[in-house]
Amino acid sequence: MGRFKLIAKAISIGRVTEKYPFVPLEVPEGFRGKPVIDPEKCIGCTSCSNACPPQALQVYDDLERGVRVVHLFIGRCIFCARCQDVCPTGAIKLTKEFELATLSEEDLHQFVELQMVRCEECGRPFDTFRHLLYSAKELQPWEREMMFLCPECRAKRISERLIFAKGGGGYV
Amino acid sequence: MIIEILKGNDAKILRHDEKVILALVPNDKLRTTAELLFKAGCYYATGVGVDERLLGVGFSMYHIFNCESEKRYVILKAVASNLKIPSITPVISGANWAEREAMDMIGILFDEHPEPLRLILPDDWPEGIYPLRKEFHYNERPPKVEFKPPKREKKPGIMEVPVGPYHPTLHEPEVFELHVKGEEIVGAVYRGFHVHRGMEKLAEERMTINQIPFLAERICGICGYTHNCAYAQAVEDAAKIEVPERALYIRTILLELERLHSHLLWFGVAFHLLGFDSGFMHTWRIREAFMDLAELLTGNRKTYGMNLIGGVRRDIDEEKKKKVLEIFEKTKKETKEVLDNAVGMKELISRMKGIGILPKKEGREIGVVGPVARASGIDTDVRRDHPYAAYGDLDFKVPVYKEGDVLARFLVRYEETFESFWIIEQALDQLPPGDILNEDYELPEYAVGIGATEAPRGEDVHFVITEGGNKVYRWRPRAPTYNNLPAVPIMLMGEKLADAPIIIASIDPCFSCTDHMVIVDGEKVCRCSLDDYLGRL
Ligand code: SF4
Ligand code: SF4
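Those sequence lines, one after another, are chains A and B.
Going by the working numbering, the first residue of the first sequence is number 319, and it counts up by one from there.
Going by the working numbering, the first residue of the second sequence is number 340, and it counts up by one from there.
In structure tokens form, the structure reads like this:
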């Protein structure tokens with residue numbers, strides 16, 4: 319008996335297989351698809367690469383050329399959207415795109431190159447312009463003065479001043 | 340009562356609260372203590388070997404017991420002296436694999452272990468290199484050593500039927516070698532561990548606490564979120580992190596959604612194996628609605644990625660709530676229709692009735708969990724016995740059947756499916772307002788935590804030792820199939836060959852999650868290494 323019921327059911331439901339890929343597939347709002355970095359907004363802060371579980375995002379400095387490279391490799395991406403969570407400027411966003419099959423591996427890479435600032439003292443590139451400007455907002459006036467020094471030179475300058483301040487009485 | 344047993348055996352209590360008792364037991368008292376715990380109704384959940392040399396302790400073994408009567412987990416810690424710890428396998432057979440795993444991965448030797456043979460490491464792995472010791476790096480590749488498989492001799496009158504290296508329907512790597520006499524199965528060999536992914540090492544060496552949930556979720560391709568939750572709970576337990584109520588409810592909703600799609604998937608597979616393909620099509624058609632729901636609530640059909648330590652990442656708003664209830668109204672009716680229709684089919688039911696029986700006593704000894712246990716009269720369910728997420732506030736039944744056959748396992752899942760609908764409806768209705776994520780916490784150094792969830796396949800146990808900062812020192816997940824697989828050879832003995840696929844599938848196995856091996860030789864279950872077994876053939 320059960321079998322006939324099932325036949326009736328099947329007829330009443332009809333075909334459920336989607337016509338995809340001949341018709342596009344709708345995905346809901348908030349779908350976690352391919353991440354894309356907006357090169358205009360990215361400041362090269364490395365938050366995303368620190369959060370990314372499979373290391374699909376890597377940030378490295380090309381000291382010779384003085385640029386910081388934010389490299390996204392979709393082949394490793396697990397579409398978790400942690401990068402989107404932690405990005406301070408909203409530069410990296412997950413899109414609704416999920417059709418990522420490609421004949422050329424290059425399509426799976428995105429590189430964002432950001433100009434770096436050279437240290438006033440030693441000349442080594444140490445941070446991106448944009449990140450420096452972004453964090454300048456939160457700096458104390460006395461810190462701003464040393465903003466164009468790399469962390470090592472900054473530490474050196476501070477300790478020198480402290481020694482000087484001890485001798486001279488009072489902080490300069 | 341448990342605490343008296345521990346104190347009576349000179350154990351030093353390291354942690355004692357409503358969830359966990361952690362006790363350091365002197366080595367000479369370890370076996371008696373374990374035996375007394377087992378007799379007091381605690382069953383063996385798993386064991387974890389830890390390289391604690393960096394903490395000035397040495398190598399240690401944590402034996403985890405599930406004490407349902409006290410709603411607690413009891414952990415016995417033993418520290419190796421001269422690399423040696425007495426084995427508890429002679430008194431608790433369920434500890435066999437865990438001890439051998441620690442032997443392979445950490446290099447602890449277990450005194451008087453009945454079968455101290457390799458379990459996890461491949462045969463061509465060199466001696467004396469232990470992957471979970473701290474000096475071994477996750478990306479190291481030790482040189483292979485040559486390995487010659489022992490010669491095998493055929494037993495007269497017995498045919499070998501290989502099932503594998505991929506399971507015919509589950510598309511997972513496993514090998515069952517069935518030994519048959521005519522139509523009857525007289526022995527079964529299970530060989531696994533082809534897909535050990537070194538997750539524990541990766542997590543403790545390379546990842547941060549908030550990255551590991553995403554790795555944990557990938558333990559299983561069907562019930563991954565429950566691993567994700569168990570891991571998060573373990574860290575939250577170790578660091579005593581308060582999780583907002585709303586987050587707990589959202590976790591509950593997603594956990595049950597996962598159970599729904601997982602059970603429907605299983606019904607489909609079971610129907611397919613039984614030759615009832617239209618039933619398979621219909622259950623999977625209905626299941627699709629739950630996949631879409633998951634996509635709507637989390638952003639992905641399968642990998643929800645919703646947990647962080649301290650809560651969840653996405654809220655469920657009124658609109659989504661409405662949508663869930665709307666879809667439920669339809670799918671609940673349809674699920675009932677299709678499943679009831681199947682239950683009404685005599686031919687189908689008689690294919691499941693009375694086959695693959697697992698008696699309660701054996702089940703308890705092995706420590707089976709989830710629907711397999713509940714179908715054999717063992718009344719256990721982590722959701723009720725160790726309430727987590729929002730289960731403590733919600734009403735649900737735990738179906739238990741005495742028969743222990745494939746049909747009983749089918750019926751347990753059948754009833755659970757409707758309980759899941761009911762749980763989600765309640766949770767949505769009572770969803771409390773407030774935050775969903777608590778990020779205000781500090782990870783303590785070297786605190787031990789346990790997280791347990793009731794996955795669709797049974798109890799998941801995750802054990803964590805924190806390192807402080809944002810790292811874990813040790814993480815050990817244990818999937819339910821680890822405990823259920825040893826029962827399969829018992830179920831297979833004496834059955835018809837044609838019934839083997841559905842019997843194997845009836846535990847809803849997840850090989851990649853577990854990957855171990857079981858051997859049945861004649862009438863005796865001897866969980867030993869394949870080589871040893873083949874050598875004896
Ligand atoms: S979505 Fe996840 S895996 Fe992909 S780049 Fe972002 S953080 Fe990395
Ligand atoms: S700005 Fe955003 S995308 Fe750019 S490096 Fe920082 S976190 Fe990554």
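Beta carbons: idealized from backbone N, C-alpha and C, even for Gly.
Taking all protein chains shown into account, decide if residue i is buried (16 or more other Cβ within 10 angstroms of its Cβ) or exposed.
i, result
"LYS540 of chain B", "buried"
"ASP656 of chain B", "exposed"
"ASP734 of chain B", "exposed"
"MET442 of chain B", "buried"
"CYS849 of chain B", "buried"
"PHE504 of chain A", "Past the edges of chain A, shown from 319 to 490, lies residue 504 of chain A, and the structure says nothing about it."
"ASP349 of chain B", "exposed"
"ASN421 of chain B", "exposed"
"HIS476 of chain B", "exposed"
"ILE497 of chain B", "exposed"
"GLU474 of chain B", "exposed"
"LEU421 of chain A", "exposed"
"GLN550 of chain B", "buried"
"ALA681 of chain B", "buried"
"CYS406 of chain B", "buried"
"GLU862 of chain B", "Model confidence at GLU862 of chain B stands at a pLDDT of 37, short of 50, so the residue's coordinates are unreliable; what they give is reported in the following sentence. GLU862 of chain B comes out exposed."
"MET340 of chain B", "exposed"
"TRP605 of chain B", "buried"
Beta carbon of residue i, beta carbon of residue j: below 8 Å?
i, j, result
"LYS358 of chain B", "TYR412 of chain B", "yes"
"GLY797 of chain B", "PRO819 of chain B", "yes"
"CYS370 of chain A", "CYS405 of chain A", "no"
"LEU776 of chain B", "ALA578 of chain B", "no"
"LYS352 of chain A", "THR407 of chain A", "no"
"LEU361 of chain B", "ILE414 of chain B", "yes"
"ARG703 of chain B", "ILE717 of chain B", "yes"
"GLY362 of chain A", "HIS427 of chain A", "no"
"GLU834 of chain B", "ILE843 of chain B", "no"
"LYS416 of chain B", "LEU363 of chain B", "yes"
"LEU746 of chain B", "VAL663 of chain B", "no"
"GLY808 of chain B", "LEU782 of chain B", "yes"
"VAL435 of chain A", "PHE397 of chain A", "no"
"ALA628 of chain B", "TYR643 of chain B", "no"
"GLU881 of chain B", "LEU458 of chain B", "Nothing about residue 881 of chain B can be reported from this structure: the residues present for chain B run from 340 to 876 only."
"LEU836 of chain B", "GLU522 of chain B", "yes"
"PHE444 of chain A", "VAL345 of chain A", "no"
"HIS566 of chain B", "ARG752 of chain B", "no"
"VAL803 of chain B", "ALA573 of chain B", "yes"
"GLY526 of chain B", "VAL582 of chain B", "no"
Determine the chain B residues that contact residue i at a beta-carbon separation under 9 Å, and present them in chain order.
i, result
"CYS401 of chain A", "None at all; the shortest Cβ gap to chain B is about 12 Å."
"PHE397 of chain A", "GLY638, ASN639, THR642 and GLY644"
"ALA328 of chain A", "SER617, MET620 and HIS621"
With a threshold of 8 Å between beta-carbons, can residue i be considered close to chain C, or not?
i, result
"ARG350 of chain A", "The structure shown has no chain C; the protein chains it does contain are A and B."
May I ask you to list the residues that DSSP assigns as paired with residue i?
i, result
"HIS518 of chain B", "B:GLU499 and B:GLY526"
"LYS423 of chain B", "B:SER420 and B:LEU448"
"MET464 of chain A", "DSSP lists no partner for MET464 of chain A."
"ARG813 of chain B", "B:ILE804"
"LYS411 of chain A", "A:VAL354"
"LYS835 of chain B", "B:GLU523"
"HIS535 of chain B", "Note: HIS535 of chain B sits in no beta bridge, so no partner."
"ASN405 of chain B", "B:TYR382 and B:TYR412"
"GLU374 of chain B", "GLU374 of chain B is not bridged to any residue."
"SER601 of chain B", "DSSP output for SER601 of chain B lists no bridge partner at all."
"ARG354 of chain B", "B:LEU361"
What residues of chain A sit near residue i, judged by a beta carbon separation below 8 Å?
i, result
"LEU554 of chain B", "PRO371"
"GLU634 of chain B", "VAL345, PRO346 and PHE349"
"ARG624 of chain B", "ILE331 and VAL334"
Starting from the beta carbon of residue i, find every residue of chain A whose beta carbon is closer than 7 Å, and list them in chain order.
i, result
"GLN550 of chain B", "PRO371"
Residues of chain A with CB closer than 9 Å to the CB of residue i, please, in chain order.
i, result
"MET546 of chain B", "PRO371"
In chain order, which continuous runs of the alpha helix (DSSP H) of length 4 or greater are located wholly inside the stretch 429 to 479 of chain B?
As far as the stretch 429 to 479 of chain B is concerned, its whole alpha helix (DSSP H) runs of at least 4 residues are 435 to 444.
Of all the beta strand (DSSP E) runs that stay within the bounds of the stretch 415 to 474 of chain A, which reach a length of 3 or more residues?
Assignment of beta strand (DSSP E) within the stretch 415 to 474 of chain A, counting only whole runs of 3 or more residues, yields 427 to 436 and 443 to 446 in chain order.
For the stretch 376 to 404 of chain A, which segments carrying the alpha helix (DSSP H) assignment without a break, of at least 4 residues, lie completely within its bounds, in sequence order?
List check, alpha helix (DSSP H) in window: 400 to 404.
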